Structure formats: structure tokens, C-alpha cells
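Down below is the structure, laid out as C-alpha cells.
In the numbering used here, the protein residues as written are 197 to 821.
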């Protein structure tokens, strides 16, 4: 039996030939098979099978058979009645790689590594109107991997039902769930062993775009998502447009399941997060266009690394709506061990960005922290290759208690107050840069920080570069703070070309000493002389242990200074002057005259640090150690 053309609803078969043997084995061939509604075409289609049971009645018939082709094996059940004709095709454990030869499948199908398909296709054809078609399927042990590694799946189980009924052949409705396995999408990773994900949507698939409308996703525990999106099939499943009508996140489960894997690259994993977040908005061509964000009683605590904690955060932001008073408030804020307390801020927000509209003042450590400027650009811009937030800030410190600050930082207790200005800090593309100069008033003098640059501050192997200058510091205030022993007078100093890796110094050029402008002699205690002597590994010119010297607890000096150029954990020592055999650390004055020289031009940096730490803690160090 043959026919030039067979038309059935939106299906067009051309050059059709059918043949059946006496034992019920049949073959159907079509030079071309096209479904205009589904937008698919088969060339040289061949389907073979074995005719099974046949039942007839006055109203119609029923035929059961098996089907075989180069791509699949299936069972076919045909039923003809007075008003309609229906067909069911059932697939059982079909390897997905068998379908790779289908021409109309998108190129992403080549990512497939493993998987089996169980499916049932039901089609009902009435006397009039379009056909109703539904597909139920389950894919087990699904594995795939994109060439560049952005998308991957392992041992996934996906169940779904596709409804192509009525006139919506080209806009099927899909509902299903992901139950098992692991999924990777860029930085997002999800292991479904602790709970599945249910989804439903209406889709329209073309050769260049995959459009999703009426999208609903939930895990029935921590996330509800409603919206739609457009995937660009030409560029590896990039999101061209996305609309989120509703995104509700409940923590801590939402953090553990969805947020933590994305933030891990910023070392923001291992946090304790509670509270609720709701968001709606639009995304187009790689950038946010609008949105509405509500945060309710959110707490974020870095319990593993103890870097920060924020509790009781409430916020309502409407990016792009400048008539709306966006705001946020919090009950507690901790940076390291520095308690910044409660606060609130009025905000102006754009899509993907926000900034404070007026200064924010916080009571901190007996003083004030005044934040004049804070601007945050969230990741998501197409031109942002680092996919990290950009931050700019400017603030002042006013009369902070040094004792509280040093205790919080784990330093020896300082006395006095600290004030300073941070004119501008920019965090962009994962690099923190200082704009201008940080000035801090401390020890009745001034310390400035220039050229600060930190790469990967929240990532792996953070590196720092900076220059530090100190001017006119009161040595008596400084040395009494560190239990170094009393030294009077003033001192200048610097740390230039400072380089740090993982917050440990690897290179610098440092100097600290009395300035040339200082005239006359100043006092120094026996304890301070003892500690200065050890810095260069030398000894005093007159033994401090002699009977005569034991009568003196305080001495005079004319000038002092100590410098270190550090490379490869070795410190090259310099002083106020030097000769062929030694470096002068302190030039004495008066009677008795104590002069300190260093005879070792190079000193092990870790050993020098240990000496300084012991001196700051008031521990005794033997002369010449």
C-alpha cells in the first residue's frame, strides 16, 4: 500500500509506503514526515513493528503492536471509536543517546553523557478541531556536561508531563519534578538528595530561543519562584530576559540549598542565616531593570571564621522608583570583634544598585563612626566579568577609645583616643583600592595610609599593597602601651612598598626613629635599652649587669632608629648610622653613656617578630639573644 501524501491534523506524510507480512510484521516508510505545529521534520522515516492483538466491534477497533526504528523501541496501542481516534506510544528504558541522530534537537543535546527514558505519548484525534496530545516521561541517571564546564548534571531523575492539547501545539504546558542527583549551573550547585524541586511552565521552543512563561518552581520548604524567562540557545543557554513575579526565600534552608554554593567563591560559605527574603523584578540583556525587595528579620552570622555578624535586618527597597523611600535597619552589627551596634539608613536604589542618601552615624567604642558615602553595585551587569559586587564608601572615625579598639583586635591595650578620615574606598572587580589617604590621629601624632590595594579580599590568597607613614608620635605613650619600657621624645617612621599575601607580610622597607628636628637628649629606661639591644642581635658597649650600672634605672640618648628591608623572611637591618662592622641603633648621651649597636646585618624575620611580641608582653629577653 502506498500514497503520495497523508494528512492528519498538523501532520504531513509524503511518499508513504506500507507493507505487512503474513506473520504480522510490518514496515512503514515516509520520504518526509513533518509536524507544522511542533516545527519538526523527519527525512526518510522508517518504522517497523509486529502486529499484536486486534479487537473489533460495531463502534470501531483496537490494535496493539510493537514498533522499532533505529532510534527507539516502543509499544503502540491504537483505538478507533465513533467520535475519535486515539493512539498511545509507550517507551521503556530507552537510552537517550539513541535519539542523538534526530536533526531538530538543539546542539546542547550533544552534552549528554548518560540517561534512560521511560515515556508514554497519548494522542486523541476528533472529527473536528486539533488533536490533544500529552506526554508523560521519566529520565533516570541523567548525566550531561557542557564543553566549557558551565552546565553539568549527574545521576539526575526528572519526571514531567507535557500537554500539547488543543490549539496550543506550539506552546506546550510542562509540569514535573527533579528528585535525585546533582546539578551545576555556573556557580550554582544543588544536590537533590535532601529534597526535590517541583516545576511547571508553558514553553515555546525555537531554533534560537527557548521561551518559558507562567513558570512556577518550589521545593515546598524554602523557595517559591513565579515568573518567566527567555533562553538564548545560540550562546549556550544564556538568559536573555527574565521576569520574576515572586521569589520567596526562607532561611536557613534557602541559604544551604541555593545561596551558599554561589557565595562560596567569595568565601561566604559556612554562614548561619535565618529570616525571610522576597523579591520581584525584571532582568534584560544581562542587567537588572527593576525590582522590589523585602527583607524580614534576616540574621547572617559568620560562625566559622568570626569575620562578621548582622542580626535583625529589615529592608524594603524598590530599585528605580526614586519616589519610594527605600530603607533598611538592623538590630546588631559586628565586624570582627568590633561592635557597631544598631542602626538604620535611608536609601536610593537603582536596579542592581543602592546608596545611602544621608550620612549614617553609629555609636562605636565610646566614639562615633560617621558613614558619609556608601554605594553598592550588585553583580549582574553584562560588562562585569568578575561577577562580584562593586562598593564605594567614605567615612570618619571620631574619638574612638583605643583601649576598646585594641581589645577587639586582640592587640596589647592602648590608651587614649583615635580619630581619622577614610576619604574613599572602592571595591571593583574583586579589587579594593583606596582613593586618597587614610589619616589616623594616634599617640599624639599622625599615621597615614596611601596606595592601599587589596586583591581578592574575600577570596583565595588575598594580596595587599600599601605605603604607611608615621609622624611625630609620642614615644612615651607608644612604649608604655606595649610594655616595651619607657622612652621619651618623638619619632617618625614609615613602612613603604608593603606587600602581604594571605595577610602576612612578604616584603617591605620599614624605618622608625627619632627625627633630625628633635634637639637635646631624651630619657630611656633600663628595660627599653634591654629590648632595643636584642633587635639587631648585638650587645651594649657597657654591660648593664656591672655593679655600677645597677645603680641606674634610666639613661639618656641623643638619637635612635631601627630599619628593616624584608625579603624572603630575612630582615636587612639599618640604623641611624653604620660603619664597616656594625649598625648604630642608639647613640647615648650624658653619664653613663649607653650606645647600642647591631653587629648582625641580617636577622631572621620570624625571630625578630618573636622578640617584638615578647617585648610587648613584658617578657624578659637576654641581652645578645
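Backbone N, C-alpha and C fix where the C-beta goes; we use that ideal spot for every residue, glycine too.
Note that the structure is predicted; figures quoted are calculated from it, not measured.
With a cut-off of 8 Å on Cβ pairs, the segment 417-427 is not in contact with the segment 273-293, counting fewer than three such pairs.
In the three-state scheme derived from DSSP, where H, G and I count as helix and E and B as strand, residue 518 is classed as coil. Residue 558 and residue 539 have their C-alpha atoms roughly 7 Å apart.
Judged by beta-carbon spacing, residue 469 lies within the 7 Å limit of residue 451, meaning their Cβ atoms are closer than that value. One alpha carbon belongs to residue 328, the other to residue 320, and they sit about 5 Å apart. Following the DSSP letters along the chain, one finds residue 315 inside the beta strand (DSSP E) bounded by residues 308-322. With a threshold of 16 other beta carbon atoms within 10 Å, residue 443 meets it and is buried. Per DSSP, reduced to three states, the secondary structure at residue 463 is coil, with no helix or strand assignment. Burial of residue 423 is indicated by the presence of at least 16 other C-beta atoms within 10 angstroms of its C-beta. The shortest CA-to-CA distance from residue 460 to any of 301, 412 and 382 is the one to 382. For residue 686, the CB contacts under 8 Å within the same chain, skipping 5 residues up- and downstream, are 641, 668, 669, 670, 671, 710, 711 and 714 in chain order. For residue 768, the uninterrupted beta strand (DSSP E) run begins and ends at 766-770, by DSSP. Note on residue 199: under 16 other CB atoms within 10 angstroms of its CB, so exposed under the neighbour-count rule. As computed with DSSP, residue 573 is found in a beta bridge with 549 and 586.
Secondary structure at residue 561: coil, using DSSP grouped into helix, strand and coil. Under the three-state reduction of DSSP output, residue 715 falls in the coil class, being neither helix nor strand.
Spanning the alpha carbons of residue 765 and residue 772 requires a straight line of approximately 23 Å. By the criterion of a C-beta distance shorter than 8 Å, residue 542 is surrounded in its chain by 521, 522, 523, 552, 553 and 554, once the five residues flanking it on both sides are discounted.
Following the DSSP letters along the chain, one finds residue 723 inside the alpha helix (DSSP H) bounded by residues 722-731.
Counting the other CB atoms within 10 Å of its CB gives residue 533 a total below 16, which places it among the exposed residues.
Taking C-beta atoms as the reference points, residue 561 and residue 597 count as a pair closer than 7 Å. Of the residues 574, 625, 658 and 568, the one whose Cα lies closest to the Cα of residue 618 is 568. In this structure, the CA atom of residue 242 is about 7 Å from the CA atom of residue 223. Non-local beta-carbon contacts of residue 627 in its own chain, meaning distances under 6 Å to residues more than five positions away in sequence, involve 651 in chain order. Under the three-state reduction of DSSP output, residue 389 falls in the helix class. Comparing alpha-carbon positions, the option among 228, 512 and 215 lying closest to residue 203 turns out to be 228. For residue 710, the secondary structure class from DSSP, reduced to helix, strand or coil, is coil. The three-state secondary structure of residue 672, taken from DSSP, is helix. By the 16-neighbour rule on beta-carbons within 10 angstroms, residue 518 is exposed.
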